[in-house]
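If you read the sequence shown in this note's numbering, its first letter stands for residue 47, the second for the next number, and so on.
All remarks here apply to the structure that follows.
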Amino acid sequence: MLDLRFVRENPELVKENIKKKFQEHKLPLVDEVIALDEEYRSAVTEANTLRSDRNRLSKEIGGLMAQGKREEAEQVKAQVSAQASRLKELEAKEGELEEKIRTIMLTLPNMMDPSVPIGPDDSHNVEVARFGEPAVPEFEVPYHTQIMESFEGIDLDSARRVAGNGFYYLMGDIARLHAGVLAYARDFMIDKGFTYVIPPFMMHGNVVEGVMSFPEMEAMMYKIEGEDLYLIGTSEHTMIGRFMDQLLPESKLPQTLTSYSPCFRKEKGAHGLEERGVYRIHQFEKQEMIVVCKPEESMDWYEKMWKNSVELFQSLNIPVRQLECCSGDLADLKVKSCDIEAWSPRQKKYFEVCSCSNLGDAQSRRLKIRVKGEDGRNYLPHTLNNTVVAPPRMLIAFLENNLRADGTVFIPEALRPYMGGKEQLVPAKSCIQG
Numbered sequence: 047m048l049d050l051r052f053v054r055e056n057p058e059l060v061k062e063n064i065k066k067k068f069q070e071h072k073l074p075l076v077d078e079v080i081a082l083d084e085e086y087r088s089a090v091t092e093a094n095t096l097r098s099d100r101n102r103l104s105k106e107i108g109g110l111m112a113q114g115k116r117e118e119a120e121q122v123k124a125q126v127s128a129q130a131s132r133l134k135e136l137e138a139k140e141g142e143l144e145e146k147i148r149t150i151m152l153t154l155p156n157m158m159d160p161s162v163p164i165g166p167d168d169s170h171n172v173e174v175a176r177f178g179e180p181a182v183p184e185f186e187v188p189y190h191t192q193i194m195e196s197f198e199g200i201d202l203d204s205a206r207r208v209a210g211n212g213f214y215y216l217m218g219d220i221a222r223l224h225a226g227v228l229a230y231a232r233d234f235m236i237d238k239g240f241t242y243v244i245p246p247f248m249m250h251g252n253v254v255e256g257v258m259s260f261p262e263m264e265a266m267m268y269k270i271e272g273e274d275l276y277l278i279g280t281s282e283h284t285m286i287g288r289f290m291d292q293l294l295p296e297s298k299l300p301q302t303l304t305s306y307s308p309c310f311r312k313e314k315g316a317h318g319l320e321e322r323g324v325y326r327i328h329q330f331e332k333q334e335m336i337v338v339c340k341p342e343e344s345m346d347w348y349e350k351m352w353k354n355s356v357e358l359f360q361s362l363n364i365p366v367r368q369l370e371c372c373s374g375d376l377a378d379l380k381v382k383s384c385d386i387e388a389w390s391p392r393q394k395k396y397f398e399v400c401s402c403s404n405l406g407d408a409q410s411r412r413l414k415i416r417v418k419g420e421d422g423r424n425y426l427p428h429t430l431n432n433t434v435v436a437p438p439r440m441l442i443a444f445l446e447n448n449l450r451a452d453g454t455v456f457i458p459e460a461l462r463p464y465m466g467g468k469e470q471l472v473p474a475k476s477c478i479q480g
């Protein structure tokens, strides 16, 4: 969320930012919120004047009564009564205007970093760098559920009967691989100096409003019927919510945290063949990294965070690339964002496995997170988040890139301690044709 004073003083900059995000329908909101703010400040000024007058007149009434001037005192009382009616009217108006202003401010997109490429949608995202050599084996790589089935490691039919589409049972070596990857990712981030956290998996509506935009909320969140509780779509939500209404000492920054959680998402809309199986699902588990830091340090942390993802995936023999998100693909709260995409030997293209975002002070402003600086002044910290790993989608990249011609799956050295020392997984029946 933007600072209202910034909008008031820089309306053309805000409008230009909206245009670059291809959200022209929001342009009238800038002038509207400035006009509402002017009306609000005028009402506040008048109300404050009336309160001051009320205090002065109350003292005057006391003086007149002490002097026995009852008739004059009654006249002043009538004046106070008339002003009280107007004050009540102004206070109601203040509340109404405040709500209108807040609604608009929650809708206006955050100011993007100047380095963000301009484009209307994700087809205009820009590849920045590749890490590792994308390879296509001589044998045909099966669909990921076929690979899992060769290890008797997945049951989608039973999950469909129990919970519907978008759910799964993982079993045996595949379930162990799933857990092993999460445990490896946890320890990888702890070794980077991040503090491990298991957060709440539900949150109140005011936290939802504080951490994400309305379109994201509508597309993602499951609400608990009859309660002010939502299932989290990512642990970032409750991790940032932890600092809500807090005044943090500057000495406690940066907060570098890595969190585990299940995640729940509606995932609306139809999806193609390659997004079936366990690619796009309603329930998954994820290891996340979160940073709360000084504003001047946030871009350095942004670079460190996405590079952590690259290092982790490379340690598991998975080639990746960094893709800079363009303006039209940037969520409203984000200042800058990039995706880390893994190579798919089956599809012969990359697909998203991590998303790293710098949200500036947007979440801090919404959630009233402040820092007490060494100079005694309070300021809003910046918040960042990035996926460490999110299986089972990440398992697709792992299985495809470590699959051998005989149907076995190679276990990279870094992961072996989490797989009982195994160097490979041996299928019950090979899924390789020919």
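C-beta atoms are modelled at their ideal positions from N, C-alpha and C, and glycine is treated no differently.
- Its Cα nearest to that of residue 233, the residue 334 stands out among 416, 54, 334 and 456.
- Under the DSSP definition of a beta bridge, residue 397 partners with 388.
- Minimum Cα-Cα distance from residue 401 among the listed residues 183, 436 and 291 corresponds to 436.
- Inside the region 225-265, DSSP marks whole alpha helix (DSSP H) runs of 4 or more residues at positions 251-257, from first to last along the chain.
- Residue 236 and residue 287 have their C-alpha atoms roughly 21 Å apart.
- Restricting attention to beta strand (DSSP E) runs no shorter than 3 residues, the region 155-185 encloses them at 172-177, ordered along the chain.
- Beta-bridge annotation (DSSP): residue 309 is paired with 330.
- A Cβ-Cβ distance of about 7 Å is found for the pair residue 221 and residue 199, placing them in contact under the 8 Å criterion.
- Under the DSSP definition of a beta bridge, residue 416 partners with 293.
- When Cβ pairs closer than 8 Å are counted between the two stretches, the region 302-315 is seen to touch the region 263-271, the count reaching three or more.
- Between the beta-carbon of residue 339 and that of residue 428 there is about 6 Å, and that keeps the pair under the 8 Å contact cut.
- In the assembly as shown, residue 81 is an exposed residue. Its beta-carbon has fewer than 16 other beta-carbons within 10 Å.
- In this structure, 329 is the residue among 270, 294 and 329 with its C-alpha nearest to the C-alpha of residue 212.
- In the structure shown, residue 370 adopts extended strand secondary structure according to DSSP, grouped into three states.
- Secondary structure of residue 324 (DSSP, three-state): coil.
- Assignment of residue 217 by DSSP, reduced to helix, strand and coil, places it in the coil class.
- Residue pairing by DSSP places residue 428 opposite 339 in a beta bridge.
- Closest by C-alpha distance to residue 396, out of 177, 85 and 203, is 177.
- Each residue's CA atom was taken as its position, placing residue 180 and residue 187 some 14 Å apart.
- Taking residue 230 as reference, the option from 419, 214, 305 and 88 with the minimal CA-CA separation is 305.
- In the DSSP assignment, residue 77 forms no beta bridge with any residue.
- Under the three-state reduction of DSSP output, residue 358 falls in the helix class.
- A direct Cα-Cα distance of roughly 20 Å separates residue 143 from residue 130.
- With distances taken between CA atoms, residue 442 lies nearest to 194 out of 332, 418 and 194.
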